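Residue numbers (my numbering), protein chains in the order written: chain A, 7 to 201; chain B, 4 to 114.
Reading through the structure tokens given below for one structure.
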């Protein structure tokens, strides 16, 4: 975690302080960029752009949120700008069709899911769904914050998040089982901590 | 509220739906654990980032490269160009009409 002292030193422009900030945070920033744009080289451009924006805005960072959270927001914003510039703005908003990218491997429905499997399943989601589920379930953004970053309402983020979770679950475990009316509400309910 | 209670009763008594809920939770939990999985950028990434941020010349070039690839800038430039050409055409037309309006009564008076 980035300390207050290091942040203050970077704000004052002390030699080496900004480099230390980048050294401490770059793996996670780059990983987020990579997960959002899905390409190693483009992810480096996005992460670099995020650090440039952070460098320019360091003085305005008030410390209300954690520095890393602030940096993730900047990275998400830089990734959205990047996709728009590359003419994939439609992709950012698009949710794609509802078909699975492949038939999931037959598996025991009670088996524990490996992280690699979820990573692969995430990459198979359309960018519009991948973005919301990544920012919410991996990086802990609120639906309001996600809406602000990608330019849609909080309600639209929630709808997209539930569709993304359903698809993610189906990519890993296959089609839904159980009663249809109940299953429809499960992506939302699963987060509540009930039952 | 009643609807929610019914829903919870169903989940408590239907093993199929309870299993499906458990699978959702498993996937959401596995997604959450990805926060600690990192991908390494290429060697020299940190040095490049710091050099670009701290050297104004490199930063300027990075901005220029970004704007050169910005589709919105392309659209704005094309729109501005179109507007300038359109305004020029209207001005020329107006000037020619005004010129004709001034010269024609002169010819009539002379005739």
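Every residue gets a Cβ at the ideal spot worked out from N, C-alpha and C, and that includes glycine.
Remember, it's a predicted structure, so these values are computed and weren't measured experimentally.
| Query | Result |
| --- | --- |
| Residue closest to residue 44 of chain A, alpha-carbon to alpha-carbon, out of A/192, A/29, A/137, A/7 | A/137 |
| Backbone secondary structure at residue 29 of chain A - three-state DSSP | helix |
| Among A/176, A/36, A/171, the one whose alpha carbon lies nearest that of residue 51 of chain A | A/36 |
| Collapsed DSSP secondary structure at residue 10 of chain B in the structure displayed | helix |
| With 16 other Cβ atoms within 10 Å as the buried cut-off, status of residue 134 of chain A | buried |
| Nonlocal neighbours in the same chain, by C-beta distance under 7 angstroms from residue 186 of chain A, ignoring five residues either side | none |
| Contact list for the stretch 174-198 of chain A against chain B, Cβ threshold 8 angstroms | 174, 175, 178, 179, 182, 183, 184, 185, 188, 189, 191, 192, 193, 195, 196, 197 |
| Any C-beta of chain A under 8 angstroms from that of residue 16 of chain B | no |
| Selection from A/62, A/80, A/129 that minimises the alpha carbon distance to residue 174 of chain A | A/129 |
| Neighbouring residues, chain B, relative to residue 125 of chain A (Cβ below 8 angstroms) | 37, 40 |
| Whole-angstrom C-beta distance between residue 57 of chain A and residue 30 of chain B, which should lie under 8 angstroms | Not confirmed; about 32 angstroms, so no contact. |
| Spatial distance of residue 89 of chain A from residue 165 of chain A (CA atoms) | 22 angstroms |
| DSSP-derived helix/strand/coil call for residue 160 of chain A | helix |
| Chain B contacts made by the stretch 14-26 of chain A, where a contact means CB separation under 8 angstroms | 24, 25 |
| CB contact below 8 angstroms: residue 48 of chain A versus chain B | no |
| Cβ-based neighbour list, residue 13 of chain B, same chain, cut-off 8 angstroms, excluding 5 preceding and 5 following | 20 |
| Burial state of residue 159 of chain A, where buried means 16 or more other Cβ atoms lie within 10 Å | exposed |
| Neighbour-count burial assignment, residue 150 of chain A, 16 or more Cβ in a 10 Å radius | exposed |
| Positions along the stretch 66-90 of chain A whose CB lies within less than 8 angstroms of some CB in chain B | 90 |
| Ordered list of beta strand (DSSP E) runs contained in the stretch 66-91 of chain A, each at least 3 residues | none |
| Residue-level contact to chain B via CB, residue 54 of chain A, 8 angstroms cutoff | yes |
| Buried or exposed (CB count within 10 angstroms, at least 16 for buried), residue 93 of chain B | exposed |
| Chain B within 8 angstroms of residue 166 of chain A, Cβ atoms only | no |
| Whole-angstrom C-beta distance between residue 46 of chain B and residue 5 of chain A, which should lie under 8 angstroms | Examination of residue 5 of chain A is not possible in this model, given that chain A is present from 7 through 201 alone. |
| Spatial distance of residue 106 of chain A from residue 32 of chain A (CA atoms) | Only weak support exists for where residue 106 of chain A lies, its pLDDT of 49 falling under 50; the value from the coordinates is given anyway. In a straight line, the C-alpha of residue 106 of chain A is about 33 angstroms away from that of residue 32 of chain A. |
| Between the CA atoms of residue 26 of chain B and residue 72 of chain A - distance to the nearest angstrom | 31 angstroms |
| Proximity test, Cβ basis, 8 angstroms: residue 3 of chain A and chain B | Summary: the structure shown does not reach residue 3 of chain A, with chain A confined to residues 7 through 201, and so no result is reported for it. |
| Interface positions of the stretch 82-95 of chain B facing chain A (Cβ-Cβ less than 9 angstroms), listed along the chain | none |
| Chain-ordered neighbours of residue 143 of chain A on chain B, where CB pairs are closer than 8 angstroms | 31, 34, 35 |
| Residue 59 of chain A: first and last residue of the uninterrupted alpha helix (DSSP H) it sits in | 46-63 |
| Rounded straight-line distance, which links the Cα of residue 77 of chain A to that of residue 203 of chain A | In this structure chain A extends from 7 to 201, so residue 203 of chain A is not present and cannot be described. |
| Simplified DSSP state of residue 151 of chain A, which is helix, strand or coil | helix |
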